[in-house]
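Below: one structure, written as structure tokens.
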Amino acid sequence: MSTLEAALLWAAIGLYSLSFLLYLGGLVFRRGRWSGWGFALAVAGFALHTGAILARWAATGHLPVMATYENSLAGTWFVMLIYFGLRRVFPPSRPFGVAVVPLVLLVLGNGVQAGAELQPLEPPYRSNWLYVHVLFAWFAFGSFVLAFAAGLMYLLKERGRKGVLSRLPELKILDELSFRLILFGFFSHSVMIGSGAIWAHGLWGRYWGWDPVETWSLISWLTYGLNLHLRVTLGWRGRRAAWLAIGSLFGVVFTFFGIGYISGLHTSIF
Amino acid sequence: MLCRQQGGEGQKGVDAGFWGSVVFHVGILLCFLAAPISAKSTFRGKFLITEGIPLALKQGFVHHEGRPLETLPDTVVLVSELQGQYAQGRFEYYFGGKLWIGGQEHPFEVNRPVRYQGYQLSLHEFGHSPQVVIRRDGQVVFDYFLNIRNPGEGDYFDVASEGLRLFVMFFPDFYRQGNIVGTRSADLRNPVLMVKFLKDGEELYKGLIRLGGAEEVGPYQVGFPELRQWAGFVVVKEWGVPVLWAGFLVGVGGLFLRFASNERRMEFRVEPAPEGGSLLELRGYSRYYPAFLEREVQALAEEVLGEHP
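The structure is reproduced here in structure tokens:
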């Protein structure tokens with residue numbers, strides 16, 4: 000990565016770390032003001048994170064869409080964007096920062112250690128379908144990560160309704176929020192798979208090849224489809240639905256890591 | 000909003016969740032339908048072609064499946080102006096050229112397939128094709144452009160007239176350090192060919208030849224007069240793709256309807272309170288998001304109380 004990108008990224012990681020500590024401190028020590036500062040630092044970190052993405056874009060000449068590092072950089076940016084959007088539209092989701100920011104730090108850390116070499120956009124990626132496919136992929140993954148956070152908070156709050164955990168949003172709100180996020184994520188995931196299939200047909204002459212990323216993506220899609228059916232048709236709510244939201248993320252995690260580590264088809268050949 | 004004398008009800012949001020779900024599942028069924036249609040109607044194959052050498056389409060396939068080769072159009076294909084570019088000498092950057100088919104020229108590159116009579120020809124492989132001329136006692140015993148498909152490991156070819164195998168490795172940017180040979184980059188800066196003659200797996204003779212040169216290798220003279228490129232195309236024709244497209248659009252449309260639907264209803268009743276003033280009763284109904292609606296009802300109640308304490 001370039002010097003400017005590295006400076007911006009490490010500054011962003013530093014601010015996110017402080018933000019997490021303040022969010023956590025605000026929750027544990029019941030200091031509302033600390034949570035406010037945590038949010039302010041998260042916004043500042045997000046601004047620097049955006050700067051790091053722009054610096055990389057300027058250096059490589061393309062959006063960060065290739066390999067583990069770039070996917071981590073862009074993916075965490077979308078997770079933060081969805082979190083900010085959510086807390087604006089729906090203020091009870093503000094405490095989500097305590098779960099979302101550390102997840103972002105983990106994914107960014109994994110991306111940085113995977114290597115951040117500057118590379119031009121490989122020929123297979125030069126397609127207009129790239130923007131549709133990747134944009135909706137990040138909307139889907141961002142929504143699923145936040146649904147995971149909502150599920151986790153639900154289980155924590157259910158265990159302890161007093162003390163620190165009582166400051167989390169109401170259980171029924173967490174439950175419905177998780178459902179809405181999964182529905183939006185499922186819609187985005189469907190657009191991602193469909194656009195990817197059409198793109199693949201022009202690129203490789205086939206719309207489905209059962210490579211690991213495609214397979215895990217389909218497994219994730221089926222898992223979240225099942226998730227929605229269990230909620231809507233069989234009326235799963237509460238604790239069971241929270242466990243579903245948490246467990247369903249594993250397919251997404253495999254898909255995410257598969258892009259960088261498992262699949263050659265999605266990364267190198269044309 | 001409907002109002003009666005002492006109350007009323009209001010509805011907000013699109014009541015299309017059920018139909019959205021139905022439309023989505025129809026889309027899914029269409030996508031599933033695309034698979035057997037593709038399987039039944041597909042021709043899928045792969046041919047390799049060397050730059051500047053015409054090839055009868057039906058004869059060039061190294062692999063095909065589905066409908067028979069005879070169903071392909073009787074035509075000749077030719078590729079020209081093949082270009083492979085690498086950034087910083089190692090990152091794939093651009094691969095493309097021109098394909099002549101049916102008497103017409105079609106530019107192609109990765110992600111830009113050629114379409115001809117319902118067939119899609121997508122660039123799938125690309126490589127170097129050195130011309131190797133082998134002479135023994137002044138007589139030409141081998142003269143071919145060799146499509147190098149495994150540049151890292153090397154490729155094997157039969158020299159049938161001599162009963163030998165020829166191992167070929169191509170270095171686009173050759174370097175040598177002691178006994179170690181290799182390529183510095185993928186750029187064509189110093190093209191060199193390494194050849195080995197093998198019999199029953201045993202190495203007999205070996206040599207290195209620069210582009211435009213010729214070397215004595217055992218009893219043979221091996222020449223490397225010209226370097227071209229070769230391209231591999233995947234050829235596909237199937238009827239499942241439009242069905243998949245339709246299924247995708249219908250399915251996503253249905254999901255959007257489902258997602259946008261958040262039908263909710265509120266009822267209110269106003270009656271005189273026993274202690275004077277009015278009693279306002281607010282009720283809400285939402286099938287999927289009652290907790291969210293509860294917040295909306297509370298916000299509305301607070302607003303009414305603010306205006307009419």
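Quick mapping for you: the protein sequence lines, in order, are chains S and F.
Using numbering that gives the first Met the number 0, read the first sequence as starting at 0 and increasing by one per residue.
Using numbering that gives the first Met the number 0, read the second sequence as starting at 0 and increasing by one per residue.
For each residue, glycine too, the CB sits at the ideal point set by N, CA and C.
1. Leaving out the 5 sequence neighbours to the left and right, which residues in its chain are closer than 6 Å to S/Ala148 when beta-carbon positions are compared?
2. Per DSSP, which one or two residues make a beta bridge with F/Phe94?
3. Hey, how far is the Cα of S/Gln118 from the Cα of S/Gly74?
4. What distance in whole Å lies between the Cβ atoms of S/Ser71 and S/Asn109, which are believed to be in contact at a cut-off of 8 Å?
5. The beta strand (DSSP E) spanning F/Phe23 covers which residue range?
6. Can you find a CB in chain S that lies within less than 7 Å of the CB of F/Ser121?
7. Check S/His61 in the structure and name its three-state DSSP category.
8. Give the residues of chain F in contact with S/Arg236, contact being defined as C-beta atoms less than 7 Å apart.
9. Would you mind telling me which residues of chain S sit closer than 8 Å to F/Arg43, beta carbon to beta carbon, in chain order?
10. With burial defined as no fewer than 16 other Cβ atoms inside 10 Å of the residue's Cβ, what is the status of S/Arg230: buried or exposed?
11. What are the partner residues of F/Leu122, as DSSP defines its beta bridges?
12. Would you say F/Phe144 and F/Arg209 are within 7 Å of each other, going by their C-beta atoms?
13. Less than 7 Å between the C-beta atoms of S/Gly44 and S/Ala11, yes or no?
14. F/Asp73 by DSSP, collapsed to three states: which one?
15. Between F/Gly59, F/Ala245, F/Asn110 and F/Glu202, which has its C-alpha nearest F/Leu71's C-alpha?
16. Please list the residues of the segment 168 to 187 of chain S that have a C-beta atom closer than 8 Å to any C-beta atom in chain F, keeping them in chain order.
17. Relative to the alpha-carbon of F/Ser184, which residue among F/Tyr174, F/Phe267, F/Met193 and F/Leu192 has its alpha-carbon at the smallest distance?
18. How many whole angstroms separate the CB atoms of F/Glu108 and F/Gly117, which I take to be in contact at a CB cut-off of 8 Å?
19. Under a CB-based cut-off of 7 Å, is F/Leu254 close to chain S?
20. Between which two residues does the beta strand (DSSP E) containing F/Lys57 stretch?
21. From the DSSP output, in three-state form, read off S/Leu264 for me.
22. Hey, would you say F/Trp229 sits closer than 7 Å to F/Asn146, going by beta carbons?
23. Going by DSSP, what residue range makes up the alpha helix (DSSP H) through F/Val139?
24. Using the C-alpha atoms, what's the distance from F/Gly65 back to F/Phe247?
25. If we define contact as Cβ-Cβ less than 7 Å, is F/Phe31 a contact residue for chain S?
26. Can you tell me whether F/Ser160 is buried or exposed? The criterion is at least 16 other CB atoms within 10 Å of its CB, across all chains shown.
27. Rank S/Gly246, S/Leu154 and S/Phe185 by C-alpha distance to the C-alpha of S/Ile172 and give the top, closest one.
28. Following the continuous alpha helix (DSSP H) through F/Arg257, name the residue where it begins and the one where it ends.
29. So is F/Lys39 buried or exposed if we call it buried at 16+ other beta carbons inside 10 Å?
30. For the beta strand (DSSP E) that contains F/Ala213, what are its first and last residues?
31. To the nearest angstrom, how far is it from the Cα of S/Gly13 to the Cα of S/Pro90?
32. Can you tell which of S/Phe185, S/Tyr206 and S/Trp242 has its C-alpha closest to the C-alpha of S/Ser219?
33. Among the candidates S/Leu182, S/Phe135 and S/Pro122, whose CA atom is the shortest distance from the CA of S/Leu61?
34. Drop a sphere of 10 angstroms on the beta-carbon of F/Glu80, count the other beta-carbons inside from all chains shown, and report buried for 16 or more, exposed for fewer.
35. Buried or exposed, going by whether 16 or more other CB atoms sit within 10 Å of the CB of F/Asp199?
36. Counting Cβ pairs, one atom from each stretch, are 3 or more of them under 8 Å apart for the segment 189 to 200 of chain S and the segment 132 to 149 of chain S?
Taking the geometry as given:
1. Cβ-Cβ distances below 6 Å link S/Ala148 to Phe95, Ala98 and Val99 in the same chain, with the five nearest sequence neighbours on each side left out; the list follows chain order.
2. Per DSSP, F/Gly83.
3. Distance between the alpha carbons of S/Gln118 and S/Gly74 is about 18 Å.
4. Confirmed, Cβ separation roughly 6 Å.
5. Boundaries around F/Phe23 are those of the alpha helix (DSSP H), Gly16 to Ser40, since no beta strand (DSSP E) includes it.
6. So yes, F/Ser121 belongs to the interface.
7. In this structure, S/His61 counts as coil in the three-state DSSP scheme.
8. Going along chain F, no residue has its Cβ under 7 Å from S/Arg236, so there is no contact; the nearest lies around 10 Å.
9. Chain S residues near F/Arg43: Gly204 and Arg205.
10. By the Cβ neighbour-count rule, S/Arg230 is buried, with 16 or more other Cβ atoms within 10 Å of its own.
11. According to DSSP, which records beta bridges pairwise, F/Leu122 is partnered with F/Phe232.
12. For the 7 Å CB-CB criterion, F/Phe144 and F/Arg209 do not form a contact.
13. The Cβ atoms of S/Gly44 and S/Ala11 sit closer than 7 Å to each other.
14. Note: F/Asp73 maps to coil in three-state DSSP.
15. With distances taken between Cα atoms, F/Leu71 lies closest to F/Gly59.
16. For the segment 168 to 187 of chain S, which is checked against every Cβ of chain F, the residues closer than 8 Å are Glu169, Lys171, Ile172, Asp174, Glu175, Phe178, Arg179, Leu182, Phe183, Phe185 and Phe186.
17. The residue with the shortest Cα to Cα distance from F/Ser184 is F/Tyr174.
18. At roughly 21 Å, the Cβ-Cβ gap does not stay under 8 Å, so F/Glu108 and F/Gly117 are not in contact.
19. With 7 Å as the cut-off, F/Leu254 counts as an interface residue toward chain S.
20. Boundaries for F/Lys57: no beta strand (DSSP E) harbours it, and the DSSP string shows neither H nor E there.
21. The pLDDT assigned to S/Leu264 is 46, lower than 50, so where the model puts this residue is not dependable; a value taken from the coordinates is nonetheless given after this. In the three-state reduction of the DSSP assignment, S/Leu264 falls in the coil class, being assigned neither a helical nor a strand state.
22. The beta carbons of F/Trp229 and F/Asn146 sit closer together than 7 Å.
23. Taken as a continuous stretch (DSSP letters only), F/Val139 belongs to no alpha helix (DSSP H), being part of the beta strand (DSSP E) at Gln138 to Phe144.
24. Straight-line Cα distance between these residues: approximately 25 Å.
25. Judged by the 7 Å Cβ criterion, F/Phe31 is not in contact with chain S.
26. Its Cβ having fewer than 16 others within 10 Å, F/Ser160 is exposed.
27. Distance check between S/Ile172 and each of S/Gly246, S/Leu154 and S/Phe185 places S/Leu154 closest, using alpha-carbon atoms only.
28. According to the DSSP assignment, F/Arg257 belongs to the alpha helix (DSSP H) that extends over Gly239 to Ala259.
29. Sixteen is the threshold: since fewer than 16 other Cβ atoms of the shown chains lie within 10 Å of the Cβ of F/Lys39, the residue is exposed.
30. Segment Ala213 to Val216, the beta strand (DSSP E) holding F/Ala213.
31. Cα to Cα, the separation comes out at about 26 Å.
32. Among S/Phe185, S/Tyr206 and S/Trp242, the Cα nearest to that of S/Ser219 belongs to S/Phe185.
33. It should be noted that the sequence gives His, not Leu, for residue 61 of chain S. Measuring from the Cα of S/His61, the nearest candidate turns out to be S/Pro122.
34. In this structure F/Glu80 is exposed. Its beta-carbon is surrounded by fewer than 16 other beta-carbon atoms within 10 angstroms.
35. Flag for F/Asp199 reads exposed.
36. Segments in contact, yes.
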